[in-house]
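Visitor: Mapping of the sequence shown onto the working numbering: position 141 corresponds to residue 122, and the numbering continues sequentially without gaps.
Heads up, the beta-carbon is just placed ideally off N, CA and C, and yes, glycines get one too.
No experiment lies behind these values; they were computed from the predicted model shown.
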Amino acid sequence: MSSAPITVADVLRRRRGLADKPLLVCDRERLSYADADARSAVLARRLVALGAGKGTHVGLLYPNGAQFVVAMLAAARIGAVVVPFSTFGTAPELRRQLIHADIAVLLAAGSYRTNDYVERLSEAVGKTLTDRATIPILTADVPVLRHIVFDA
């Protein structure tokens, strides 16, 4: 038996026989093992390009579903610390969590049901966020946060 650590990428590769089988079924949404592997690899490369890596605190602001799972797997692939955020959090609560958890990169849904996370995060970080893409952040309100990535 090997003493080498098993990584998230290793686990997904070992499930190749299940490639088309569902890893996740949430409401009407399905995510296969193959899709989870491919999508999380792409997002992991994007995180590395943003400067994230081993030990980086990556926040996830997603409702239950495939986006959350893909983002969690992507962060785990690069050795980042995954910090889930409540989708019910108010702007002051989000700000406190961003600060106290030392979040460097936040992956977030732009909105969910009646929740507009672009607006809520604008208030939380003290900066108007209008784009739903990758947004560089440099503000004293949340000193460690460097990027918010919407709908990754």
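#1: A105 by DSSP, collapsed to three states: which one?
#2: Pull the bridge partners of E100 from the DSSP assignment, please.
#3: Only counting the same chain, and skipping five residues up and downstream in sequence, which positions put a Cβ closer than 6 Å to that of A57?
#4: How many Å lie between G40 and A0 at the Cα?
#5: Quick check on the burial criterion: 16 or more other C-beta atoms within 10 angstroms. Buried or exposed for H81?
#6: State the Cα-Cα distance for the pair F66 and Y98, rounded to the nearest angstrom.
#7: Could you pull out every residue in the same chain whose Cβ sits closer than 6 Å to the Cβ of A61, ignoring the five residues on either side in sequence?
Guide: Let me spell this out:
#1: Helix at A105.
#2: According to DSSP, E100 bridges with nothing at all.
#3: For A57, same chain residues with a beta-carbon under 6 Å away, outside a window of 5 residues either side, are V(-11) in chain order.
#4: The alpha-carbon atoms of G40 and A0 are separated by roughly 28 Å.
#5: Counting of Cβ neighbours within 10 angstroms places H81 among the exposed residues, the total staying below 16.
#6: Between F66 and Y98, the alpha-carbon positions lie close to 12 Å from each other.
#7: Within its own chain, the residues whose Cβ lies closer than 6 Å to the Cβ of A61, once the five positions on either side in sequence are excluded, are A33, T37, V39, listed in chain order.
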